[in-house]
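Each protein sequence line maps, in turn, to chains A and B.
All residue numbers for the first sequence refer to the working numbering, where the first residue is 0 and numbers rise by one.
All residue numbers for the second sequence refer to the working numbering, where the first residue is 0 and numbers rise by one.
Yeah, the Cβ is synthetic: ideal placement off N, Cα and C, and Gly gets one too.
Source: prediction; values computed, not measured.
Step one of this worksheet: look at the structure below.
Number of protein chains: 2
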Amino acid sequence: MATIKDVARLAQVSPSTVSRVLANSSRISEETKRRVREALHQLDYHPNAFARGLVTNTTGAIGILIPPSMNEFFVNPFFAEWMSGVSEVAREHGFDTVLSTSARDEEEVVDRMVRGRRVDGILLLETRPGDRVLRLVAERQFPAVLLGRPADPVPISYVNNDNVEAAYRATQHLIRLGHRRIGFLGGASELVVTIDRVNGYRSALVEADIAPDPRMEVSSFFLEQGGYLGMMRLLAMPERPTAVLASDDILAFGGMRAAAELGFRMPEELAIVGFNDIRLAELANPSLTSVRVHMHRLGVRAAELLIEQIETGRTHTKSEIIETELIVRNSCGANTPSQNLV
Amino acid sequence: MATIKDVARLAQVSPSTVSRVLANSSRISEETKRRVREALHQLDYHPNAFARGLVTNTTGAIGILIPPSMNEFFVNPFFAEWMSGVSEVAREHGFDTVLSTSARDEEEVVDRMVRGRRVDGILLLETRPGDRVLRLVAERQFPAVLLGRPADPVPISYVNNDNVEAAYRATQHLIRLGHRRIGFLGGASELVVTIDRVNGYRSALVEADIAPDPRMEVSSFFLEQGGYLGMMRLLAMPERPTAVLASDDILAFGGMRAAAELGFRMPEELAIVGFNDIRLAELANPSLTSVRVHMHRLGVRAAELLIEQIETGRTHTKSEIIETELIVRNSCGANTPSQNLV
DNA sequence: TTGAAAGCGCTAACAT
DNA sequence: ATGTTAGCGCTTTCAA
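Shown next as structure tokens:
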């Protein structure tokens, strides 16, 4: 494998000249550049990323810390859409994307990536109150952007939805359709995103003089199967809900499968609203009313903020809220005026 | 940031001793190890990946070359399931996963990753006849595994499905249900996976004395929208198909949306069989009959083969076929004996 | 069992 | 405009 020395020898210049040509320095004559480039090409030279990184202390890569609950993430289309936004921006700026999965010890992984200089910055995917990884990253002043918002006052950049507001509006939508017994089908209850959404849900209830009922709030794992089980539990209640707000479309799908198996007609006997508006929401039966959170945009902005931090070396944090919108389809009953609610 | 020298100084040993402790060399006394480890911990030392890599020429990362048609991939659940298999194995073996997206010049990206020593090996996602990237990787003798099979006789390891056989069986299934006019809804026609599946489809037709009709084979882009458009085209034919084999579930979903919009009843007026059996196939309406290809397993095996290549330094190639199975649900009509076909 | 020293391939002062 | 030199942080002979 050709090194910079080989190229220098062939082009009859010094290694530093080659290095300058590589960086397209303006202080090198065109003639020399030509000769060096020819040698570069002839030897099929490719710079060694290690050697370069050792000197420059940059990697040209951004890391994504996949949480231990990773499989849920990977397989959830919402993650894929987010990733595709991240990846798009990374590519435009010439960055690679390094996925790092933490078996358990997330802090160890962060150190490995950050301090081990494997990436120039890091994207964090989920957080919960007391999150130690967040604190660690902030302490280290490592370039980082969180998807979501920090639960505690940690100085970190983030990109988030207005989750409280979004859940509030979605719940209100169901209330306006006449529902009084509304269930909440959420993912892991300690996650900030779940906390925010459940809070929005509750405040809409309270506003309508409906007392939030803890039994109406089930939290499960972020998978289709989780939605299935959660819905079974909700429907098993003596006074079962007539409508359910799911914190994720995949949960909603699982819930719909459960309801369909039990013979509930949707939306007439059970209205459902999901979250995230994945592409398949439109294809469900009935088509799923869902809160569009613009995952792709979240990915794009997160990556942009991160790369900006990396390239400018800025250390102060910056955050951004992406607005959401309720996409009304058939599963909520708004398009079924003939509904027959109690 | 503490270096190995700082640790050495604190522990009152030489840098090489520290290095040996890091590698857990057996020739270091327990007492020294203890002292060094203490210093390591006290300084919160983390090895610099560049410096180490420069010496060892290894990265502890595997690369995935995302094709230019990347967005299709990312957002397709089948890719996510595959990735989750890859990622699982990578984590177990302590490897990171580097995603590299090629704007256009895939060969350049391969060189950057492989020769630039950013990854220890590479996973290739799709291929077509005359694929130059494949040839390049094989020439370089770089550790690599292809998802699919090489179209040309290139010495490369791969993990594939029995696509010809699978499409043959799926088509035969439709023929046995009484269909004679069967359409094929595929992705990019130049991809090997499409070629294999269309061949299996044709041979089942031929076997049943049905002449393959090129107009019955539409190829489109690998997205829901592609399926939608392709199906519109098939249904617009004077003698439209009564059944369609789609080369991907997402295409099938798009096709089903088109058919539903036009008022076709499925499976009675139009039977559909998909490919890949993504999790949502079960949730479609009607639930989608699909060829299960075990994407997760493909990912696991691809990663295992690659890491084996990397760790053993073996250079000879190895390939593996993952069996498929037809999962019969409602969209093909096999569960609707009351169907009324011509 | 440990240390000294060389060198991986590159960049970046500093010199010229 | 180009060359010389030092050094990034680590591993690995070679010596002791």
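query: Minimum Cβ-Cβ distance from B:M0 to chain A less than 8 angstroms; result: yes
query: Extent of the continuous alpha helix (DSSP H) run through B:N23; result: That residue, B:N23, is in no alpha helix (DSSP H); it is neither H nor E in DSSP.
query: Identified DSSP bridge partners for A:N162; result: Beta-bridge pairing links A:N162 to no other residue.
query: Among B:R239, B:G225, B:Q224, B:Y227, nearest to B:A213 - alpha-carbon criterion; result: According to the sequence as given, residue 213 of chain B is Pro; it is not Ala. Considering only alpha carbons, the answer is B:R239.
query: Contact under 8 angstroms by Cβ, B:I155 with B:A207; result: no
query: Same chain only: Cβ atoms within 8 angstroms of B:R377, ignoring 5 sequence neighbours per side; result: Because chain B spans 0 through 341 in this model, residue 377 of chain B falls outside it and cannot be assessed.
query: Alpha-carbon spacing of A:I309 relative to A:M112, whole angstroms; result: 15 angstroms
query: Touching by the beta-carbon criterion (3+ pairs, under 8 angstroms), the stretch 10-18 of chain B and the stretch 174-193 of chain A; result: no
query: Members of the stretch 133-150 of chain B that neighbour chain A once the beta carbon cut-off is set at 7 angstroms; result: none
query: Cut-off 6 angstroms between Cβ atoms - residues of its own chain near A:A242, not counting five sequence neighbours on either side; result: L173, H178, I181, A270
query: Contacting residues, own chain, Cβ-Cβ under 8 angstroms from A:V205 (five flanking each side not counted); result: P211
query: Simplified DSSP assignment, three categories, for A:E303; result: helix
query: Cβ of B:P46 within 8 angstroms of any chain A Cβ; result: yes
query: C-beta neighbour in chain B for A:F73, strict 8 angstroms; result: yes
query: Length at least 3, wholly inside the stretch 44-89 of chain A: the beta strand (DSSP E) runs in chain order; result: 60-65
query: Proximity winner among B:S318, B:E281, B:E107, B:F72, relative to B:L222 (alpha-carbon distances); result: B:F72
query: Status (buried if at least 16 other CB within 10 Å, exposed otherwise) for A:V54; result: exposed
query: Cβ-Cβ separation, A:L122 to A:G59 (assumed contact under 8 angstroms), whole Å; result: Not confirmed; about 15 angstroms, so no contact.
query: Simplified DSSP state of B:T314, which is helix, strand or coil; result: coil
query: Meets three-Cβ-pair contact criterion under 8 angstroms: the stretch 277-287 of chain B and the stretch 248-257 of chain A; result: yes
query: Three-state secondary structure (DSSP) of B:A143; result: strand
query: Short Cβ contact (8 angstroms threshold) for B:A302 with B:V153; result: no
query: B:F353 in three-state terms, based on DSSP; result: Residue 353 of chain B lies beyond the residue range present for chain B, which begins at 0 and ends at 341; the question has no answer from this structure.
query: Outcome for A:N339 when other beta-carbon atoms lying within 10 angstroms are tallied against a minimum of 16; result: Note on A:N339: pLDDT 44, under 50, position unreliable in the model; the coordinate value appears next. Exposed is the call here.
query: Residue interval of the alpha helix (DSSP H) (run including B:V192); result: 191-206
query: Where A:G52 meets chain B, residues with beta-carbon distance less than 7 angstroms; result: F49
query: Helix, strand or coil at A:A242 [DSSP, three-state]; result: strand
query: Cutoff 7 angstroms; reference B:G52; Cβ partners in own chain excluding five residues on either side; result: T58, R116
query: Bridge partner(s) assigned by DSSP for A:S156; result: A:V144
query: Straight-line Cα distance separating B:R34 from B:H45; result: 17 angstroms
query: Chain B within 8 angstroms of A:F252, Cβ atoms only; result: yes
query: CB contact check: B:T100 to chain A, cutoff 8 angstroms; result: yes
query: Residue nearest to B:A169 in terms of C-alpha spacing, selected from B:N275, B:H92, B:R134, B:A50; result: B:N275
query: Exposure label - B:R313; buried when at least 16 CB within 10 Å; result: exposed
query: is_contact[A:D208, chain B] using C-beta, thresh 8 angstroms; result: no
query: Of the residues A:Q140, A:R264, A:M236, A:M231, the one placed nearest A:L250, counting alpha carbons only; result: A:M231
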